[in-house]
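Q: In this text, residue positions in the sequence shown follow our numbering: the first is 497, and each later residue adds one.
Glycine is no exception: its CB is placed at the ideal position from the N, C-alpha and C atoms.
Just dropping this structure here.
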Amino acid sequence: MDSENSSILIIYTGGTIGMFEDPVNGSLKPVDFKNIMNQIPEIKVLGCNIKAISFDPPIDSSDIDTSTWTHIAEIIEQHYSSYDGFVVLHGTDTMAYSASALSFMLENLDKPVIFTGAQLPIGALRTDGKENLITSIVIAAAKEYGKPLIPEVCIYFESKLSRGNRTTKVNAEQFNAFQSANYPYLAKAGVHLVYNREFVRHPGRFRKLVVHKELNNHIAILKLFPGLTPEYMDAVLGYKELKAVILETYGAGNAPTGIWFLRRIKTAVDKGIFILDVTQCSRGSVEMGRYETSRHLLKAGVISGYDITTEAATTKLMVLLAQNLEYEEVKMHLNKSLKGEITLP
Ligand code: ASP
């Protein structure tokens, strides 16, 4: 395996990794990229050719929008043939959404796109940002027999590399902020960087990169809770432009069986709205029909999300809905693993 002489493009979007404390009010604010590079002179010894493109201004990831994903995708598209891999520096708050979105937007991707960031700014003494950034560059640069080792959109954080569309932020305090509950990690970094090769996706090589730049965000997330009212459901389902709902259900995909609930679901499906059953549990899968409480949903035309994360479901729908596909085609894609985002039974 070798990584020397690889060319890596860093795309700096913002996030805590590049923030500094405002001396006036003490809040963390993003600063420009030069400040980050000055903090890590070690990068020069990696032997890679590293260039960087910075958002101007860099942003906190709570301000990420669908247009930001298009912007990141366009940067990758413009520089695709000139670099061996890409590292996206991003705030942790919405990193799992962005990595999921990019995984669906970049069709035929055969180079690494590694998202990373930090819980503490790179200038802080105990920062986690240095290791995260250095190892992300090493992973993005890693090649074997001239081919990239990880030709996927991933998140590297606190010693673990996970598939982007399998990842969720689970911790706002600890360095160990991300989890891939339903899919094995693709690499773990300790004294050695150990790749879990059999779980890495390898798309057919030499297919041209196709970038889906359009996203349709007329979707809603409806999280079930005991006490949910018909009025609340009507408010969500009554949204005029609505194209799809991620129904966050209990356990193995279960929902109330009351006629008031099922009638509203059925009416939405009959209007052509996609309803995707995604479990609120972080581990395990929707199994429609296992209980009476999900069999009704199946009969009403609700689609199983299997073990998909809400982040992946949201972004998969946004990409599919923007492609002017027939209803049955979208449904077929939702029942398929497009980028390794679901485990089919
Ligand atoms: N609020 C920050 C962001 O997501 C948090 C972080 O980077 O960790 O941009």
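Please indicate yes or no: does the CB of Q615 lie closer than 7 angstroms to some heavy atom of the ligand ASP?
A: Because some heavy atom of the ligand ASP lies under 7 angstroms away, the Cβ of Q615 counts as near it: yes.
Q: Rounding to the nearest angstrom, what Cα-Cα distance links A645 and M729 in this structure?
A: A small correction: the amino acid at residue 645 is Leu; Ala does not occupy that position in the sequence shown. About 46 angstroms.
Q: Residues in its own chain within less than 8 angstroms of A548 by CB, not counting five upstream and five downstream?
A: L505, I506, I507, Y508, F529 and M533.
Q: Any contact between the region 514 to 528 and the region 589 to 596? By contact I mean 3 or more CB pairs, one from each, below 8 angstroms.
A: They do not touch, by the three-pair rule.
Q: Consult DSSP for Y593 and reduce its assignment to one of helix, strand or coil.
A: Looking at Y593 - three-state DSSP - the assignment turns out to be helix.
Q: Give me the Cα-Cα distance between I838 and L794, rounded to the nearest whole angstrom.
A: Rounded to whole angstroms, I838 to L794 spans 18 angstroms at the Cα level.
Q: Starting from the C-beta of K719, find all residues in its chain whose C-beta is less than 8 angstroms away, skip the five residues before and the five after it, and write them out in chain order.
A: If we look at K719 and ignore the five residues flanking it on each side, its Cβ neighbours are E744 and Q776.
Q: Which residue comes first and which comes last in the alpha helix (DSSP H) that contains G510?
A: G510 -> not in any alpha helix (DSSP H); beta strand (DSSP E) instead, spanning S503 to G510.
Q: Let me check you understand the geometry: is the CB of S557 closer than 7 angstroms to at least one non-hydrogen atom of the ligand ASP?
A: Yes, the ligand ASP has a heavy atom inside 7 angstroms of this Cβ.
Q: Any chance the CB of D561 is under 7 angstroms from a heavy atom of the ligand ASP?
A: D561 Cβ: outside cutoff for every heavy atom of the ligand ASP.
Q: I'd like to confirm something about D589: is its beta-carbon nearer than 7 angstroms to some heavy atom of the ligand ASP, or not?
A: Yes - the ligand ASP has a heavy atom lying nearer than 7 angstroms to the Cβ of D589.
Q: If L817 and N661 are in contact, beta carbons under 8 angstroms, what's the gap, nearest whole angstrom?
A: The pair is not a contact, with the Cβ atoms about 17 angstroms apart (cut-off 8 angstroms).
Q: What does DSSP give as the partner residues of I717 in its beta bridges?
A: Partner(s): I742.
Q: From L598 to W565, what does the alpha carbon distance come to, in whole angstroms?
A: Going by the C-alpha atoms only, they are around 7 angstroms apart.
Q: Where does M784 sit, in a helix, a strand or coil, going by DSSP?
A: Residue state, collapsed to three classes: coil.
Q: Is the closest heavy atom of the ligand ASP to the C-beta of T512 under 7 angstroms?
A: At least one heavy atom of the ligand ASP is nearer than 7 angstroms to the Cβ of T512, so yes.
Q: Write down every uninterrupted run of the alpha helix (DSSP H) in the region 630 to 678 whose length is 4 residues or greater and which is fully enclosed by it, in chain order.
A: With a minimum length of 4 residues, no continuous alpha helix (DSSP H) run stays inside the region 630 to 678.
Q: Should the region 761 to 775 be regarded as contacting the region 791 to 807, the criterion being three or more beta carbon pairs within less than 8 angstroms?
A: Segments in contact, yes.
Q: If I'm right that I742 touches T810 with Cβ under 8 angstroms, what's the distance once you round it to whole angstroms?
A: About 6 angstroms; that satisfies the 8 angstroms criterion.
Q: Is I712 helix, strand or coil when you go by DSSP?
A: Inspection of the sequence shows that residue 712 is occupied by Asn rather than by Ile. In the structure shown, N712 sits in coil (DSSP, three-state: anything other than H, G, I, E or B).
Q: Out of Y652, N750, K767 and G768, which has the shortest C-alpha to C-alpha gap to V782?
A: The shortest Cα separation from V782 among Y652, N750, K767 and G768 belongs to N750.
Q: Rounded to the nearest angstrom, what separates I651 and K709 at their Cα positions?
A: Roughly 21 angstroms separates the two Cα atoms.
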